[in-house]
Structure formats: C-alpha cells, structure tokens
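Report on one structure; see the data block that follows.
Residue numbers (the UniProt record's numbering): 1 to 652.
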C-alpha cells in the first residue's frame, strides 16, 4: 500500500521585496505574509527605562517606543541629544585617561633617566605625595631634573662662576646640610648658607619657634617621609625668608638670571599644597614664615591668609594638651622643647606683629613652661657665646649671643600683651585719673624689670644684636602704654607723654645706628628696623617741633638703608610721607632727600598691599575719613588705605 505524503510548498524567498517594487512575489498575499515573517527585528542598542523595568522588548522608536505607545504611558527614552552628550562624555573621559597614562609614562621615563641621587629624590617625594601627577608638575617647573644632560640648570651648574659661589657658601656656612631631598631650587652651598643665616639672625629673637637640634636632626636624616620636625615645605619657607639679605644667594640668582626668593616661595607653596591641610608642627612654622615673607615684600595684606592658617592649625594641634601628655616623661625632653619653642616663639612673634597693626596678639600667652635658658647672674657666665655656645672671640664667625635673651623677651611680650589688653578695655576712659594710674603702674613695672637686668643684658654695657633687640622691645612696650594719651599729658613731674616717647625714640635710633656701624647690613634680621619704625611713627606727629627733625632724618635714613633688601621699608617711607601730607606738615628739609625716588607713581598706589596700622590721633583720623563716603572702622586705618587715598587725590 503506497504511503500518502503531503505535498511540500515552495520555499519562500530569502529576501523581502521593497514596498511597491515589482517582483515575482508581488500580488501573492500568502507569499508576502511568509516574507514578512522572515523579516529580522531591527537591532536596538538600548531599551527605554520602562521596557527595561518590565523586561519587555523595545523598538527604540522616538520620541515614544511602540511598547509605551500601546500601554499609553510616557516613554522616558533618551533623546538623540542625550546620546551625543553621553558619547562626548565618554570621549572626554577617554582623553583624560590617555593624558593621565601619558603623564605617568613621562614620570616613569624621568625616573628611569635620572641619576642615582635624582632617582632617590624622586622616590622620596613620591612616597609622601598623594598624587603622582603633582610630582610631575613640580618636576617640570623646578630644577629637579637638572642632573639630566639636556637640562638648562645642569648647564648653569657647570658654570665655574656659579660653582664657585656655591662652594664658597658651603665652606663659610656654620651649618652644613644637603639640599636634597628637601628642596630642588638650589644646591647644597646656598641652602646651607640660608639655613645658617636663619639660625644666626631670625631664630635668636624674631622667629624663635623652631628647635634647631630637632630640625637639623630631621634634615640630616634625608628622609622626609619619617622626619618629624623637618619637612620640604618648612625648608623652602626658611630659605625664601632669608633670600632677602643673603648676598651670595642673590649673586647666584643675578648671575643665573633667576629670582631665588620667588623660586623658593613657589616651591614652598607646592609643598604646602601636597600636605592637603594636615596639621603638623612643621606646617605651622612654615605658614608663619610665609606670612613674614609677604610682610617683607610689602604684601602683608595678601599674606594674612598664611597668618590666619598658621594660628588656626596651631589651635588644632592643642600644644598644651600634647605637652601635658609628656610633661613627666624623662625620655621626651626634646619633644617638650619643640612644643615649648613653638608655643612661646609663636606668641613672641605674633605679639610684635599684632603691635604693627595696633592689635593685641592673636595668640594668647602659653600655659606651658618656657624652654629658653634663663639669664645667668653668675659673673662667670656673663660672657657672650657663638652660635654653638662656645665663648665668642674675634675668630668667631657668628655675632655674639647672650644666653637668656629669649627668656627675657618672653617677659617683655607678656607686658606688651597686658598693655594692649588695657588699651582695649580702657578706650572709653583714656586720660582719666583711673586710666593714668594703671598706665603709671605699667610704666613702673617695665622700669623695674629693666633695672633688674644682668649687666650682660644691657645694651649700654654689652651691645650685641640680642641686647639691641631687647632694648627696642622694651621701648615698644613703654610706647604702647603711652600711645593712646594726649602728648601733653603729664605722666610724672616734669615729664609729659611726648617727652618720654621722644626719649625712647632717641635710644632706638641711636641703637640702630650703632648696629649698622658694628655689624653692617650685609646680613641681618628684619626686626632690626623695629626701633626705627616705632620711632618714625611717633616723630611724624611732632614734626612741627624743630627739635625732632634730626632724629626724624636719622630714622628715615636708617629705614631707607634697608629698603634695598626689604621692599616693605620703602612702603613705610611712602606711608610716612602720606601721613605728613595728611597732617599738613612738610617733611623736614634735612630728611627730604630720603623721600625721593620711592616709586610713588600714582598708578602704583591705587591699592597698596601693605596694611600696617596708623597711630590713632584725632586729627589724623578726621583727615583720613573725610574723603570716605561712609564711616570706616579702626581696622581699616592703615598705610595702604592712606597711600591709595593720597594717590587718588593726586597730591604729591
């Protein structure tokens, strides 16, 4: 029996005819349906959010896909513009990753080509950095790769003149250190000279906030990652602060066409950025130094950020609490010295800075013991010593130091703090009998302190930089007590406030004159002009009195002498000239030559960055506020404001 098989239908065409096109299958509805069933679904790159959530096929139609249209819901499919934006974002991200990859390869190439010393320095800096790209940027802008044959600095270092300057600096430096890995700006000789200069001039009085032993131990270890009391930021900040007066460093920069102070400052700022706000003793010290650099440059208004940041970080450290934790530990003597120096050194520095702005110190007196050596009353210990504590003689390469001077400086700053505190509290009763009684007591306190000084601490018997500064500080305390009073106020029989202030001014000016003759201005500290600065701001209000003209001329000359090193000094003289104009009293003829060519073009004084405060006298305040459109607070009465007003009114 034959098996009945069903007939097979013809195979459908593998392609679908375009609509309206003639073909063998046109006109056959069955064939069209078969062809339609064979049509492949259009590929969709991504479904809309609704279809993804319902796990439903999406045809990706715009603006509404088919599935959403059938359900009658709003389709949240992305637009074509969003696709373009997404593509652009991906391309940008890809480009950034490529750039980062190229930078890392470049860093690796530099590391591979560097010498052994340079390579070790790079590795050290990479260990302490959080972002290797920052290290690369620092390398590209600095002289770290100077060891490479094609480096411009490498060619400069081969210059015999530059090499000789560096070797002389290294040979004559009292403290010899290796520059790297702490700084990449200058070689060993210059860095040694700058570090030595700091501990010879700034540390003994003006900036006594760094423990020398702890700092040098950390620096000579050559390990920034583990050094506790030394950091690249602090080293560069110290070097930047001493570039103003170190002659060899300036000669090196002049010969090589580089601004060494600016390079050290920029390097310090880079190192500060890498610390990302971590609170540390070194950072507090470095920030304080950066503010001092700004002040030296006459840019203290811009440097206020560093001053505020230093004190904010100091409070965060809780130095008193740290000291209490190790107070009784016999193995922590060095740590106690470091903390005590930071606290008392910062208080002394800020007391002087605050007085410049006629403010009380922003740092209150510390509650921890002073680490400074007490003055000796034994005759065998009255002789001056050198930097290392050995007896000072003609062969010594440092100025003489007097042990105990810093301890006495703390006494003076406590008295200054008390005086400024009373000036704030008694503002409403200035000149009353109650006020005068307190001020007379404070004057007697300072005088008793001076009378009790050991003979080696008296500037009239043992003239050294430290005794000179002690005298200037004590006179500053005395002037701060008398400053708010009317000049004709009788303080004691036969002596008015003016008479006493002029006496203190004469002592300060004579001492600075003697300092210049004895120690010269080849290398010195900015605090050297403290006495002359206080004097000239007192004398300017008494220029109608011919008896002060000679003193005024001497003070002007001495301040101008420091103007070649510290731009701040020239700004001070410009301010004094503007004050003279405000008081309608001409500069005395004997001093007029020192006020010429100070760079007082009108355009340069529109917004002078110096903000040293002006003494408060009623006539000065009225003259200052008359041009203003609204009353100004006392904090705005500063040299920069006065100079910009003077310039704006075109009065020369």
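A virtual CB, placed ideally from N, CA and C, is assigned to each residue, including glycine.
Contact set for residue i: own chain, Cβ-Cβ below 8 Å, skip 5 residues either direction
{"i": "residue 383", "result": "391, 392, 456"}
{"i": "residue 355", "result": "416, 420, 476, 480"}
{"i": "residue 220", "result": "177, 178"}
{"i": "residue 551", "result": "502, 505, 506, 509, 535, 539"}
{"i": "residue 377", "result": "454"}
{"i": "residue 51", "result": "57, 58, 65, 67, 68"}
{"i": "residue 203", "result": "210, 212"}
Expected contact under 8 Å - CB spacing of residue i and residue j to nearest Å
{"i": "residue 163", "j": "residue 222", "result": "The pair is not a contact, with the Cβ atoms about 23 Å apart (cut-off 8 Å)."}
{"i": "residue 229", "j": "residue 338", "result": "6 Å"}
{"i": "residue 468", "j": "residue 460", "result": "Contact flag wrong, Cβ pair sits at about 11 Å."}
{"i": "residue 215", "j": "residue 527", "result": "The Cβ separation is near 20 Å, so there is no contact."}
{"i": "residue 286", "j": "residue 272", "result": "7 Å"}
{"i": "residue 295", "j": "residue 261", "result": "With a Cβ gap of about 13 Å, residue 295 and residue 261 do not count as contacting."}
{"i": "residue 340", "j": "residue 350", "result": "The pair is not a contact, with the Cβ atoms about 16 Å apart (cut-off 8 Å)."}
{"i": "residue 348", "j": "residue 304", "result": "Not really, about 19 Å apart at Cβ, beyond 8 Å."}
{"i": "residue 448", "j": "residue 410", "result": "The Cβ separation is near 17 Å, so there is no contact."}
{"i": "residue 311", "j": "residue 363", "result": "6 Å"}
Under the three-state DSSP convention, the category residue i falls into
{"i": "residue 214", "result": "helix"}
{"i": "residue 607", "result": "Model confidence at residue 607 stands at a pLDDT of 45, short of 50, so the residue's coordinates are unreliable; what they give is reported in the following sentence. Three-state result, residue 607: coil."}
{"i": "residue 518", "result": "helix"}
{"i": "residue 89", "result": "helix"}
{"i": "residue 401", "result": "strand"}
{"i": "residue 74", "result": "coil"}
{"i": "residue 331", "result": "helix"}
{"i": "residue 344", "result": "helix"}
{"i": "residue 495", "result": "strand"}
{"i": "residue 385", "result": "strand"}
{"i": "residue 105", "result": "helix"}
{"i": "residue 4", "result": "coil"}
{"i": "residue 570", "result": "helix"}
{"i": "residue 257", "result": "coil"}
{"i": "residue 357", "result": "coil"}
{"i": "residue 61", "result": "coil"}
{"i": "residue 114", "result": "coil"}
{"i": "residue 378", "result": "coil"}
{"i": "residue 245", "result": "coil"}
{"i": "residue 367", "result": "coil"}
{"i": "residue 277", "result": "coil"}
{"i": "residue 415", "result": "helix"}
{"i": "residue 350", "result": "helix"}
{"i": "residue 99", "result": "helix"}
{"i": "residue 9", "result": "coil"}
{"i": "residue 36", "result": "For residue 36, the pLDDT reaches just 48, beneath the cut-off of 50, and the residue's location in the model is therefore unreliable, although a value from the coordinates is still provided. Residue 36: helix per DSSP, three-state reduction."}
{"i": "residue 43", "result": "coil"}
{"i": "residue 508", "result": "helix"}
{"i": "residue 127", "result": "helix"}
First and last residue of the uninterrupted beta strand (DSSP E) at residue i
{"i": "residue 491", "result": "490-492"}
Same chain only: Cβ atoms within 7 Å of residue i, ignoring 5 sequence neighbours per side
{"i": "residue 44", "result": "58, 59, 60"}
{"i": "residue 201", "result": "523, 524, 525"}
{"i": "residue 193", "result": "169, 173, 246, 248, 249"}
{"i": "residue 175", "result": "192, 195, 196, 199, 216"}
{"i": "residue 238", "result": "194, 195, 198, 289"}
{"i": "residue 440", "result": "491"}
Contact set for residue i: own chain, Cβ-Cβ below 6 Å, skip 5 residues either direction
{"i": "residue 400", "result": "384, 392, 464"}
{"i": "residue 297", "result": "567"}
{"i": "residue 548", "result": "539, 542"}
{"i": "residue 569", "result": "559, 562, 563"}
{"i": "residue 556", "result": "591, 594"}
{"i": "residue 579", "result": "540"}
Range of the contiguous alpha helix (DSSP H) that encloses residue i
{"i": "residue 172", "result": "160-172"}
{"i": "residue 391", "result": "That residue, residue 391, is in no alpha helix (DSSP H); it is neither H nor E in DSSP."}
{"i": "residue 551", "result": "549-561"}
{"i": "residue 266", "result": "260-274"}
{"i": "residue 324", "result": "319-326"}
{"i": "residue 294", "result": "281-296"}
{"i": "residue 531", "result": "530-539"}
{"i": "residue 597", "result": "First-last for residue 597: undefined, no H or E at that position."}
{"i": "residue 51", "result": "49-54"}
is_contact[residue i, chain E] using C-beta, thresh 8 Å
{"i": "residue 527", "result": "Included in the structure is just one protein chain, with no chain E present."}
- Whole beta strand (DSSP E) runs in the region 418-504 with 3 or more residues, listed along the chain? Listed in chain order, they are 490-492.
Counting only runs that start and end within the region 172-238, where is the alpha helix (DSSP H) found for 4 or more residues in a row?
Uninterrupted alpha helix (DSSP H) stretches at least 4 residues long and entirely within the region 172-238 occur at 188-197, 212-221, given in chain order.
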